[in-house]
Amino acid sequence: MVRSTWRIGLHAVTAALAGLTTLAAVQVPAAAAPTTLRGLADARGVYFGTSSTVNEWNDAPYRSLAERETNMITVGNEMKWDATEPSPGRFDFGPADSLVAAAKAAGQRLRGHTLVWHNQTPGWVQELGTAELRQAMQNHIRTEVAHYRGQLYAWDVVNEAFEENGTLRQSFWQQKLGDGYIAEAFRAARAADPGAKLYYNDYNIEGIAAKSDGVYNLVRTLKQQGVPIDGVGMQAHLILGAVPDSMRQNIQRFVDLGVEVAITELDIRMPLPAEATKLAGQAADYTKVAQACLGVTGCVGITTWALSDKHSWVPSVFPGEGAALPFDENFRPKPAYNALWRAYGGTGGTRTCVATYAVIGQWWGGFQAEVRVTAGAAPITGWTVNWAFAEGQAITSSWNAAFATNGAAITARSLSYNGSLGSGGSTTFGFTGSWTAANSVPAVSCAA
Ligand code: XIL
Numbered sequence: 015m016v017r018s019t020w021r022i023g024l025h026a027v028t029a030a031l032a033g034l035t036t037l038a039a040v041q042v043p044a045a046a047a048p049t050t051l052r053g054l055a056d057a058r059g060v061y062f063g064t065s066s067t068v069n070e071w072n073d074a075p076y077r078s079l080a081e082r083e084t085n086m087i088t089v090g091n092e093m094k095w096d097a098t099e100p101s102p103g104r105f106d107f108g109p110a111d112s113l114v115a116a117a118k119a120a121g122q123r124l125r126g127h128t129l130v131w132h133n134q135t136p137g138w139v140q141e142l143g144t145a146e147l148r149q150a151m152q153n154h155i156r157t158e159v160a161h162y163r164g165q166l167y168a169w170d171v172v173n174e175a176f177e178e179n180g181t182l183r184q185s186f187w188q189q190k191l192g193d194g195y196i197a198e199a200f201r202a203a204r205a206a207d208p209g210a211k212l213y214y215n216d217y218n219i220e221g222i223a224a225k226s227d228g229v230y231n232l233v234r235t236l237k238q239q240g241v242p243i244d245g246v247g248m249q250a251h252l253i254l255g256a257v258p259d260s261m262r263q264n265i266q267r268f269v270d271l272g273v274e275v276a277i278t279e280l281d282i283r284m285p286l287p288a289e290a291t292k293l294a295g296q297a298a299d300y301t302k303v304a305q306a307c308l309g310v311t312g313c314v315g316i317t318t319w320a321l322s323d324k325h326s327w328v329p330s331v332f333p334g335e336g337a338a339l340p341f342d343e344n345f346r347p348k349p350a351y352n353a354l355w356r357a358y359g360g361t362g363g364t365r366t367c368v369a370t371y372a373v374i375g376q377w378w379g380g381f382q383a384e385v386r387v388t389a390g391a392a393p394i395t396g397w398t399v400n401w402a403f404a405e406g407q408a409i410t411s412s413w414n415a416a417f418a419t420n421g422a423a424i425t426a427r428s429l430s431y432n433g434s435l436g437s438g439g440s441t442t443f444g445f446t447g448s449w450t451a452a453n454s455v456p457a458v459s460c461a462a
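For the sequence shown, this note's numbering gives the first residue as 15, with consecutive numbering after it.
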């Protein structure tokens, strides 16, 4: 008895000391652990980004996922020449402007893509003679870069200018303007926006090989000549099981030239259908790519080419292949997501849950919304979804979740029957609400 009492006493003292320690810790609160790739990237001072077209951005669950998980947006198609200057001197920046405004409103930075390329460039450009082509290139760069001056983190100034064997691509640019067109393009871009990082961007330059040697020599020469180049973008449209072993070393050699490096269009495609073994292999490949970049100081971030398999360009260009991105067609995180999560420094091995919000019906003054909650790789036993209504919307009736409202802030919690979700499992809840001036989709967050 005595001994037992003594032990209880010691426990009490220990507990009291622990309490003091906790109190001390509370006075200097540590930053909350990130729950998204965006948060992890912010904490590391790097970025995780995605491309987005206007169509993708208008897909509400995609947008809310992109806002939640990424801190960098590359405009997918709307800044290309065929979109911005479809006929000589007639510029249209409307669609790209809308994406720039939306990303800025969501606190995301932007990469501009792309100024000089042999694809998605109108016929009228390709048909010009040498002097006119040079003038058109200068004018295009000057006008577009000046339009976005001060608003973009970086520009892909020249895209895909090399052949696989490491010689300059025999594009109409090269054939009419000669090798010097690349330096001319960078100089024109710098003059129009001295604050944007200027990138050379290409595919199949992730490992050390003839093509990346060609780019390496170009960058070295440009630097020697004082041409303003700040970065090399490795697109990284990769194939399952074929991430080059020399990727990290290759990134390092470019950084050693005095430029930064970014992974600009990452996707890792596989023969369809996707199944567990391939998805696990893909996760290992994502780990390899992310570690290659994040392991080199000077590799500033990774962008995937779209975020979910729903919007990937892969199936339309490589028939029979796909499933190349970290989220599946229903926006559920795949093993590749968890691989990125760990590579960016996330703990716990998996994230907890993801929520996507969609307005599924809207009428004058009212609307109905559905929120889908999806577990990460580990099963969960309860979830909480949060968002804020910035435009005065109010909930009138709801189902499948317990709601709490505090001003504009909404919290929805699982109920006894829908809190437990298996790995990758999902459930939905919903509500009807009222709206007045506007009813945009809020960014939602999920915790389990
Ligand atoms: C792709 C877009 O995703 C498609 O929508 C479009 O039809 C073709 O271009 N390298 C690049 C990107 O630099 O601009 C390409 O984007 C993919 C390959």
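Cβ coordinates follow ideal geometry from the N, Cα and C atoms, glycine included. Treat the numbers as computed from the prediction; the structure is a model and nothing was measured.
Terminal residues of the beta strand (DSSP E) in which residue i lies
i, result
"residue 409", "408-413"
"residue 248", "245-248"
"residue 389", "380-389"
"residue 112", "Not the beta strand (DSSP E): residue 112 falls in the alpha helix (DSSP H), residues 108-119."
"residue 401", "398-402"
"residue 66", "61-66"
"residue 89", "86-89"
"residue 376", "367-377"
"residue 171", "168-173"
Unbroken alpha helix (DSSP H) run spanning residue i, endpoints
i, result
"residue 226", "224-238"
"residue 299", "290-308"
"residue 434", "From DSSP, residue 434 is part of no alpha helix (DSSP H); its letter is neither H nor E."
"residue 190", "186-191"
"residue 93", "Per DSSP, residue 93 belongs to no alpha helix (DSSP H) and is neither H nor E."
"residue 270", "261-270"
"residue 76", "74-83"
"residue 214", "First-last for residue 214: 211-216, but that is the beta strand (DSSP E), not the alpha helix (DSSP H)."
"residue 154", "144-161"
"residue 56", "51-58"
Residue of the options minimising C-alpha distance to residue i
i, options, result
"residue 289", "247, 249 and 348", "348"
"residue 373", "53, 55, 74 and 66", "74"
"residue 309", "334, 262 and 91", "262"
"residue 450", "286, 379, 161 and 166", "379"
"residue 430", "157, 415, 218 and 456", "415"
"residue 315", "87, 181 and 135", "87"
"residue 444", "133, 191 and 370", "370"
"residue 97", "72, 117 and 128", "128"
"residue 398", "337, 367, 384 and 413", "367"
"residue 142", "124, 187 and 116", "187"
"residue 110", "67, 144, 152 and 229", "67"
"residue 427", "441, 421, 437 and 436", "441"
"residue 144", "190, 160, 158 and 169", "190"
"residue 120", "83, 154, 93 and 103", "83"
"residue 172", "203, 178 and 165", "203"
"residue 176", "58, 396 and 230", "230"
"residue 255", "95, 287, 291 and 458", "291"
"residue 228", "239, 179, 217 and 329", "179"
"residue 168", "181, 213 and 134", "213"
Closer than 7 Å: residue i CB and nearest the ligand XIL heavy atom
i, result
"residue 235", "no"
"residue 245", "no"
"residue 126", "no"
"residue 465", "Lying before the first or after the last residue shown, residue 465 is absent from the chain, which here runs from 15 to 462."
"residue 230", "no"
"residue 132", "no"
"residue 173", "yes"
"residue 279", "yes"
"residue 91", "yes"
"residue 217", "yes"
"residue 327", "yes"
Cut-off 6 Å between Cβ atoms - residues of its own chain near residue i, not counting five sequence neighbours on either side
i, result
"residue 350", "296, 297, 300 and 340"
"residue 76", "70"
"residue 117", "87 and 124"
"residue 151", "none"
"residue 195", "187"
Beta-carbon proximity list for residue i, same chain, < 7 Å, skipping 5 on both sides
i, result
"residue 60", "308, 314 and 315"
"residue 257", "299, 302 and 303"
"residue 342", "322, 323 and 348"
"residue 248", "219, 220, 275, 277 and 278"
"residue 241", "197, 200 and 201"
"residue 273", "233, 243, 244, 245 and 246"
"residue 384", "372, 374, 442 and 444"
"residue 161", "107"
"residue 38", "Its pLDDT being 39, under 50, residue 38 is placed unreliably by the model, and the measurement read from it follows with that caveat. Same-chain partners within the cutoff: there are none."
Other residues of its chain near residue i: CB distance less than 8 Å, five sequence neighbours each side excluded
i, result
"residue 456", "78, 371, 401, 402, 403 and 404"
"residue 42", "Note that residue 42 scores a pLDDT of 44, beneath 50, so its modelled location is shaky and nothing firm can be said."
"residue 320", "64, 65, 66, 70, 90, 281, 326, 327 and 339"
"residue 252", "220, 280, 281, 282, 283, 299 and 303"
"residue 102", "138 and 150"
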